[in-house]
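*Asks:* Can you keep this structure in mind? I'll have questions shortly.
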Amino acid sequence: MLTEYPLLTTEQRTQWRQMLDGARHIVITAHRGPDGDAIGSTTALASWLRRNWDADVQVVVPNIFPDFLKWMPGAESILVYAGHESEVLPVVRQADLVIMCDHGELRRMWTLGDVVRDHPTPRIMIDHHLDPEPGIAELVVSHPELSSTCEVLMRLILELEAPAPAELSTVLTHDEAVSLYTGMMTDTGAFTYASSRPEIFQLISILLSCGIDKDKIYRNVFFTYSAQRMKFQGYMLYVKLDVWKKAHTALMTMTNAERRRFGILNGDTEGLVNMPLQILGTKLSIFLREDTEQPCIRVSLRSVDDFPANEMAAEFFGGGGHKNAAGGEIWGTMDEAVALVKKAVQKYMPLLKA
Ligand code: 5GP
Ligand code: MN
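The sequence shown runs -19 to 334 under our numbering.
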C-alpha cells in the first residue's frame, strides 16, 4: 500500500549493500545554491547512514545555503566548499563513496563537481530531476515522478528497512523526519504543486507519527522575513513587476545595485518568483537576477499546468529543471537577458496564449 512500486531492482539492492558495506568515509553532496530539499535529503541521509553503518559520513555542499535553513537538524555540521577549499578538499579526496543528492548533473555542483569528477571513487545518485547525466554514478536512483529527493530518500529507506506496519514510525529519528518533511514541503510549495499522488500523504502521516511539528517547520522556513525583505518584496511587486497580458507571463528583474540598496541577503529572493502566479490567468513567471559571484544573470521560471518551463530553460537559458519549476543562466547584461526572455516568450507564445 505505501509504495506503489519498488525504487530499486534486486540487482540495485545488492549493489547498494555492496557499495555501502565497503565504504569507510562517505561524502554526501548536493547542488549549488542548496535548497530545503538538498539540505533535507543530505542531512537525513547522513544521520540514517551514521546510525546504520560503521563509516564516517560528511555532508559537503558547493556553496553557502540560506539562513532560513540553518535551523535544520544536522545543518550545523555541513561543510561548505566555496571559500573553504583547502579544508574541504582533503575530506572529499578521502571519501571512498560519494552520494549525490537532489541533482542529476555534476556541473550543478560547480567547482565541487569538478573535484568529484576527478576523484576516482564510486558514486550513488539519489534524485528526482529529469534526464540524469549519463554515467554520473554507478548506482542511479532517479525518480522524476516524485515530489522531491526527500520523498525518494524516505521511500528508499522504508524499502530497505521494510518495517512492519506497526513499526513504521521507528525507522526514522525525529530529526531525520524533520529534515525529510522540510524537503518535501519546500519542493512542493507547501504541498501546493507536484504533490497530488496519495502516497506522499501516507509518507507525511508517518513523519507526523515520528513527532514532527509541521506547523513549526512551516514557520521556521517561511516566516523568517526581515522587515527589509518584506519591503523589498513590496518594491519588486510595485516597481519591478512587468505583466505581459497577452502572453500570460510576468517578469521581474533584480540587479546587484538593488540587492545592495535593500540589503538583500542570500535566500531573501526565495519564493518571489512564485508570487506573480497569483495573478489570475498567469501561466509563466520569470525572475532574472544578477549573480553575485559570476558575470551572469540567473533565471528562475515557474509555470502552471502543462507549460514546460524546463523546455524553455533548456532551449534558451542553458538550464533545465521540472515542468513547473526550472532555471538556468544567461551570460550577458540584464538588457540582453530581458531581450532573450522576450525571444523565448515569443517562441512559446502558442502555448502561452492558449
Ligand atoms: P530555482 O528557480 O529555484 O533556482 O530553480 C528551480 C529548479 O530549476 C531547480 O529545482 C532545478 O531543478 C532547476 N534549475 C535551476 N537552475 C538550473 C540550471 O542551471 N540547470 C538545470 N539543469 N536546472 C536548473
Ligand atoms: Mn529537489
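Heads up, the beta-carbon is just placed ideally off N, CA and C, and yes, glycines get one too.
#1: Please determine, among 28, 277 and 8, the residue with the shortest C-alpha to C-alpha distance to residue 82.
#2: Just reading off the alpha helix (DSSP H) that residue 107 is part of, what are its end residues?
#3: Just the C-alpha distance for residue 134 and residue 226, rounded to the nearest angstrom, thanks.
#4: Less than 8 Å separating the beta-carbons of residue 84 and residue 107?
#5: Reducing DSSP to helix, strand and coil, say where residue 61 ends up.
#6: Just list the beta strand (DSSP E) runs in the stretch 0 to 80, keeping only unbroken ones of 3 residues or longer that don't cross its boundaries, in chain order.
#7: Quick one: grab the DSSP three-state call for residue 326.
#8: Answer yes or no: do residue 228 and residue 194 have a C-beta to C-beta separation smaller than 8 Å?
#9: Excluding five sequence neighbours on each side, which residues of the same chain lie with their C-beta closer than 6 Å to the C-beta of residue 308?
#10: Beta-carbon within less than 7 Å of residue 235's beta-carbon, same chain only, minus the 5 sequence neighbours each way: which residues are those?
#11: Starting from residue 266 and walking both ways along the beta strand (DSSP E), at which residues does that stretch end?
#12: Any heavy atom of the ligand 5GP closer than 7 Å to the beta-carbon of residue 300?
#13: With residue 278 as the anchor, note down where its alpha helix (DSSP H) starts and where it stops.
#14: Starting from residue 222, trace the beta strand (DSSP E) in both directions and tell me its first and last residue.
#15: May I ask you to report which of helix, strand or coil DSSP gives residue 245?
#16: Can the beta-carbon of residue 149 be found less than 8 Å from the beta-carbon of residue 23?
#17: Given that a residue counts as buried once 16 or more other Cβ atoms are within 10 Å of its Cβ, and exposed if not, what is residue 290?
#18: Let me know the secondary structure DSSP gives residue 189 once reduced to three states.
#19: Look at the Cβ atom of residue 230, then the Cβ atom of residue 283, and state whether they are nearer than 8 Å.
#20: If the criterion is Cβ atoms closer than 8 Å, does the pair residue 42 and residue 90 meet it?
#21: Given this structure, state the Cα-to-Cα distance separating residue 31 from residue 37, to the nearest angstrom.
#22: Taking only the alpha-carbon atoms, compute the straight-line gap between residue 220 and residue 18 and give it to the nearest angstrom.
#23: State the DSSP-derived secondary structure class of residue 116, mapped to helix, strand or coil.
#24: Helix or strand or just coil, what does DSSP make of residue 159?
#25: Between which residues of its own chain and residue 49 is the CB-CB distance below 7 Å, once the five residues before and five after are set aside?
#26: Beta carbon of residue 111: closer than 7 Å to some heavy atom of the ligand MN?
#27: Given that a residue counts as buried once 16 or more other Cβ atoms are within 10 Å of its Cβ, and exposed if not, what is residue 88?
#28: With a CB to CB cut of under 6 Å and the five nearest residues on each side skipped, what residues in its chain are close to residue 190?
*Replies:* With the structure as the only source:
#1: Numbered from 1 along the sequence shown, position 102 holds the residue referred to as residue 82. Comparing Cα positions, the closest option is 8.
#2: Against the sequence shown, residue 107 aligns to sequence position 127. Residue 107 -> not in any alpha helix (DSSP H); beta strand (DSSP E) instead, spanning 103 to 107.
#3: Here residue 134 is taken as the residue at index 154 of the sequence shown, counted from 1. Here residue 226 is taken as the residue at index 246 of the sequence shown, counted from 1. If I take the Cα positions, the gap works out to 42 Å.
#4: Taking the sequence shown and counting its residues from 1, the one referred to as residue 84 is at position 104. Taking the sequence shown and counting its residues from 1, the one referred to as residue 107 is at position 127. A contact, by the Cβ cut-off of 8 Å.
#5: Taking the sequence shown and counting its residues from 1, one reaches residue 61 at position 81. In the three-state reduction of the DSSP assignment, residue 61 falls in the coil class.
#6: If only uninterrupted beta strand (DSSP E) runs of at least 3 residues are considered, those enclosed by the stretch 0 to 80 are 5 to 9 and 36 to 41.
#7: To locate residue 326, count along the sequence shown from 1; it is residue 346. Residue 326 falls in the helix class under three-state DSSP.
#8: Working through the sequence shown from its first residue, we reach residue 228 at position 248. Working through the sequence shown from its first residue, we reach residue 194 at position 214. Contact flag unset, no.
#9: For this step, residue 308 is matched to residue 328 along the sequence shown. Cβ neighbours of residue 308 beyond the five flanking positions: 279, 293, 297, 298 and 299.
#10: Taking the first residue of the sequence shown as position 1, residue 235 is located at position 255. For residue 235, where only same-chain residues beyond five positions count, the Cβ hits under 7 Å are 270 and 314.
#11: Along the sequence shown, one-based indexing puts residue 266 at 286. Per DSSP, residue 266 belongs to the beta strand (DSSP E) from 264 to 270.
#12: The sequence position of residue 300 within the sequence shown is 320, counting from 1. Yes, since a heavy atom of the ligand 5GP falls inside the 7 Å radius drawn around the Cβ of residue 300.
#13: Your numbering for residue 278 matches position 298 in the sequence shown. Here residue 278 belongs to no alpha helix (DSSP H); instead the beta strand (DSSP E) covers 277 to 283.
#14: Here residue 222 refers to the residue found at position 242 when the sequence shown is read from its first residue. Unbroken beta strand (DSSP E) run through residue 222: 222 to 224.
#15: Mapped onto the sequence shown, residue 245 falls at position 265. Correct three-state label for residue 245: coil.
#16: Reading the sequence shown from its first residue, position 169 is the one you call residue 149. Reading the sequence shown from its first residue, position 43 is the one you call residue 23. Between residue 149 and residue 23, the C-beta spacing is not below 8 Å.
#17: Here residue 290 refers to the residue found at position 310 when the sequence shown is read from its first residue. That one is buried.
#18: Here residue 189 refers to the residue found at position 209 of the sequence shown. Helix.
#19: On the sequence shown, residue 230 is found 250 positions in, with the first residue counted as 1. On the sequence shown, residue 283 is found 303 positions in, with the first residue counted as 1. Their beta carbons are not under 8 Å apart, which means residue 230 does not touch residue 283 by this criterion.
#20: Along the sequence shown, read from residue 1 onward, the residue named residue 42 stands at position 62. Along the sequence shown, read from residue 1 onward, the residue named residue 90 stands at position 110. Yes, the pair counts as a contact, with Cβ atoms nearer than the cut-off.
#21: Here residue 31 is taken as the residue at index 51 of the sequence shown, counted from 1. Here residue 37 is taken as the residue at index 57 of the sequence shown, counted from 1. Using only the alpha carbons, I get a separation of about 10 Å.
#22: Position 240 of the sequence shown, counted from the start, is the residue given in the question as residue 220. Position 38 of the sequence shown, counted from the start, is the residue given in the question as residue 18. Their backbone Cα atoms lie some 30 Å apart in a straight line.
#23: Here residue 116 corresponds to residue number 136 of the sequence shown, with the count starting at 1. Three-state DSSP puts residue 116 in coil, outside helix and strand.
#24: Along the sequence shown, one-based indexing puts residue 159 at 179. Helix at residue 159.
#25: Counting from one through the sequence shown, the residue named residue 49 turns up at place 69. Answer for residue 49: 16, 19 and 55, listed in chain order.
#26: As a working note, residue 111 is residue 131 in the sequence shown. Checking every heavy atom of the ligand MN against the Cβ of residue 111, none is found closer than 7 Å.
#27: Within the sequence shown, residue 88 is the residue found at index 108, counting from 1. Per the 10 Å Cβ criterion, buried.
#28: Residue mapping note: residue 190 aligns to position 210 of the sequence shown, counting from 1. 149, 152, 154 and 157.
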